[in-house]
Amino acid sequence: MNHLSDEDIQAYLEGEAVAKKARVENHLRECPACRRVFEEYRNLYDALADEECFAPAMDLAEQTLRKLRIAEKDKPLREYLDTVVGALGITIALAVAAWAYVGLGGPRPDFGDVFNAFAYYFSLAIEALASLKTPVASLRVEMRFAVMAGFVIYIILSLDYLFLAFPIRQKAIR
Amino acid sequence: MQHCRGLPVRYSVGTGSERLAKDRDLVEGALRGDQGAFERLLNRYKRLVVHIVHRMIANESDAEDAYQEVFMKVYEALPRFRLEAKLSTWIGKIAYNTCINHLNKKRELLFDDLLPDDRPVDSLLKNHSRPDNQVEGADLAKRVEAEIKIMPVQFRTILTLYHLESMSYREIGEVINLPEGTVKSYLFRARKLLKHRLLAKYGEEELRP
Numbered sequence: 001m002n003h004l005s006d007e008d009i010q011a012y013l014e015g016e017a018v019a020k021k022a023r024v025e026n027h028l029r030e031c032p033a034c035r036r037v038f039e040e041y042r043n044l045y046d047a048l049a050d051e052e053c054f055a056p057a058m059d060l061a062e063q064t065l066r067k068l069r070i071a072e073k074d075k076p077l078r079e080y081l082d083t084v085v086g087a088l089g090i091t092i093a094l095a096v097a098a099w100a101y102v103g104l105g106g107p108r109p110d111f112g113d114v115f116n117a118f119a120y121y122f123s124l125a126i127e128a129l130a131s132l133k134t135p136v137a138s139l140r141v142e143m144r145f146a147v148m149a150g151f152v153i154y155i156i157l158s159l160d161y162l163f164l165a166f167p168i169r170q171k172a173i174r
Numbered sequence: 175m176q177h178c179r180g181l182p183v184r185y186s187v188g189t190g191s192e193r194l195a196k197d198r199d200l201v202e203g204a205l206r207g208d209q210g211a212f213e214r215l216l217n218r219y220k221r222l223v224v225h226i227v228h229r230m231i232a233n234e235s236d237a238e239d240a241y242q243e244v245f246m247k248v249y250e251a252l253p254r255f256r257l258e259a260k261l262s263t264w265i266g267k268i269a270y271n272t273c274i275n276h277l278n279k280k281r282e283l284l285f286d287d288l289l290p291d292d293r294p295v296d297s298l299l300k301n302h303s304r305p306d307n308q309v310e311g312a313d314l315a316k317r318v319e320a321e322i323k324i325m326p327v328q329f330r331t332i333l334t335l336y337h338l339e340s341m342s343y344r345e346i347g348e349v350i351n352l353p354e355g356t357v358k359s360y361l362f363r364a365r366k367l368l369k370h371r372l373l374a375k376y377g378e379e380e381l382r383p
C-alpha cells in the first residue's frame, strides 16, 4: 500500500484534493501511519492559527497617530517655503533661458510655438527690467512690466496649486 | 472525516465586496481630510501590520519602530493608492518591504531568507535547525511560534498571512511579490519543514492529539 504524501494530506486539509478526496479518506481509515501524520498536521494547523502569542503594546496605534499629528503640524510652513523657493527658482530659470535665447539671436516669436511665445514674453520682461534702470517712463515699458508681473504670478499660482493646494486637499489628519 | 478546524475561513464574495466598499470610504475620507478616517483605517489594519512585523523582526523595539514606520509610509502614500486595489494587500506590501529594508539595514537578511530554493526539506532542516531555541514546558502554539521565528523570512511571512490573516495565495503573492503557484508551494514546504523540526526537537508526542 502506497502511503499518502505530505502534500496529499495538506491538500486534503485545505479542501483542495477534491478528485482524490475519497481515496485519501479510504486510505486514512485503513492506514494508522498516515492517520498519525494527518493528526500531526491537523494539530499544526490549529497551532498556526493561534494568535495568543501576539501581545503587541496596546498604545502603538495611539503613538503612531500622535507622531503623524506632530509631523503634520510642521508641514504647512515647510510646504509654503518649498513653494516659494520652487516658484522663484523656476521663474529665474525661465527668465535666464529666455534672456539667453533672445541674447543668442533667436528668431522673434511665432505665436504658434509655445516656447517662442514664452521666450517672447520673457524677452519683453527682461527688456522692461533693463529699461527701468534707465528711467525712460513710457507706456510701452509699463505694459511690458505688467506682462512680466502677470507671468510671474501665473507661475507662482501654478506651483502653489501643484505643491501646496494639492497636498492640502489630501490631508488626512490635522 | 472532517476538515481541519484550524483552517482559516476565506472571505466570501459578499464579505469581500463589503470590505472593499468600507476600505474605499476610509481612503476617500482620509484624503478629504476627515480626521477620524485615517485613525479608523489604522485600527482596522494594525493587526495585519503587527502580525507581519512581529514575525519578521525579532527585536521588540525594532519591531515597534517598524510598525510606526509602516503607518507613516501608508499615510504618505495614501494619495497614490488605487481604489480598485485591495487595501489589505497594499498595506501588507508596505509592511513587508519596510521589514525587508529594516533587516537589510541591520544585516540580518540571509541569502536563504529570500530564496527558499528547491532543496528537499530535509536539507533545510539541517541548515536551519538550531537546537538551542527549545521552548520548555510551553504549549504547542508557543513552540510553533518559536520555530517559525527561525525559518526563512518568506516562509514566516507566508505562514502568517495564510493562517493568521486568511489571505489567499494570490493576495500573499501580491504582498511578497511572488507568483501564486510559488506561494502555494512555499506554504506546503514551510508546513512540512515546521512539522519535521517540531518532531525532531520535541518528539512525536508533541504533535499528537
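Same order as they appear, the protein sequences are chains A and B. Here my numbering is used: the first residue of the first sequence is 1, the next is one more, and so on. Here my numbering is used: the first residue of the second sequence is 175, the next is one more, and so on. All C-beta atoms, glycine included, are put in the ideal place defined by N, C-alpha and C. Since this is a predicted model, take the numbers as computed values, not measurements.
Taking C-beta separations shorter than 7 angstroms and ignoring five residues to either side along the sequence, the partners of residue 41/A in its chain run 9, 10, 13, following chain order. Residue 68/A is classed as buried because its beta carbon has at least 16 other beta carbons within 10 Å across all chains shown. For residue 247/B, no Cβ of chain A is located within less than 8 angstroms of the residue's own Cβ. In chain B, no part has a C-beta under 8 angstroms from the C-beta of residue 8/A; the shortest such distance is about 11 angstroms. A Cβ-Cβ separation of about 4 angstroms places residue 48/A in contact with residue 337/B under the 8 angstroms criterion.
For residue 61/A, the C-beta contacts it makes with chain B under 7 angstroms involve 216, 217, 220, in order along the chain. With 16 or more other CB atoms across the displayed protein chains lying within 10 angstroms of its CB, residue 366/B is buried.
Take the alpha-carbon of residue 339/B and the one of residue 236/B: they are about 22 angstroms apart.
Pairing residue 246/B with residue 277/B gives a Cβ-Cβ distance that is not under 8 angstroms. Under the Cβ distance rule, residue 357/B does not count among the residues neighbouring chain A, no pair being separated by less than 8 angstroms. Rounded to whole angstroms, residue 64/A and residue 218/B show a C-alpha spacing of 14 angstroms.
Taking a C-beta distance under 8 angstroms as the contact criterion, residue 376/B and residue 329/B do not qualify as a contact pair. Around the Cβ of residue 233/B, a 10 Å sphere holds fewer than 16 other Cβ atoms; the residue is exposed.
Using a Cβ-Cβ distance cut-off of 8 angstroms, the stretch 341-354 of chain B and the stretch 261-278 of chain B are in contact, since at least three pairs of beta carbons, one from each stretch, lie closer than that value. For the stretch 359-378 of chain B, the set of residues with a beta-carbon nearer than 7 angstroms to any beta-carbon of chain A comprises 362, 365, 366, 368, 369, in chain order. Short of 7 angstroms from the beta carbon of residue 27/A, and not among the five residues preceding or following it, lie these beta carbons of its own chain, in chain order: 4, 34. Residues of chain A with a Cβ closer than 8 angstroms to the Cβ of residue 337/B are, in chain order, 45, 48, 49. Each residue's CA atom was taken as its position, placing residue 316/B and residue 206/B some 43 angstroms apart.
The continuous alpha helix (DSSP H) containing residue 25/A extends over residues 21-30. Out of 248/B, 240/B, 355/B, the CA that lies nearest to the CA of residue 280/B is found in 240/B. Chain-order list of chain B residues neighbouring residue 4/A: empty, with the shortest C-beta distance near 12 angstroms, by a criterion of under 9 angstroms. Residue 30/A is classed as exposed because its beta carbon has fewer than 16 other beta carbons within 10 Å across all chains shown. Approximately 11 angstroms separates the beta-carbon atoms of residue 335/B and residue 364/B; this is outside 8 angstroms, ruling out the contact. Taking CB atoms only, residue 202/B has no neighbour in chain A less than 8 angstroms away. Between residue 368/B and residue 321/B, the gap from beta carbon to beta carbon is short of 8 angstroms.
Between residue 269/B and residue 227/B, the C-beta spacing is below 8 angstroms. DSSP places residue 231/B outside both helix and strand once states are collapsed to three, so it counts as coil. The shortest CA-to-CA distance from residue 193/B to any of 259/B, 354/B, 356/B, 244/B is the one to 259/B. For residue 325/B, the three-state secondary structure derived from DSSP is coil. Restricting attention to 358/B, 244/B, 255/B, the CA atom closest to the CA of residue 275/B is found in 244/B. Closer than 8 angstroms to the CB of residue 88/A there is not a single CB belonging to chain B. In the DSSP annotation of this structure, the continuous segment of the alpha helix (DSSP H) that includes residue 362/B starts and ends at 354-376. If you check the CB distance, residue 195/B and residue 203/B do not come in under 8 angstroms.
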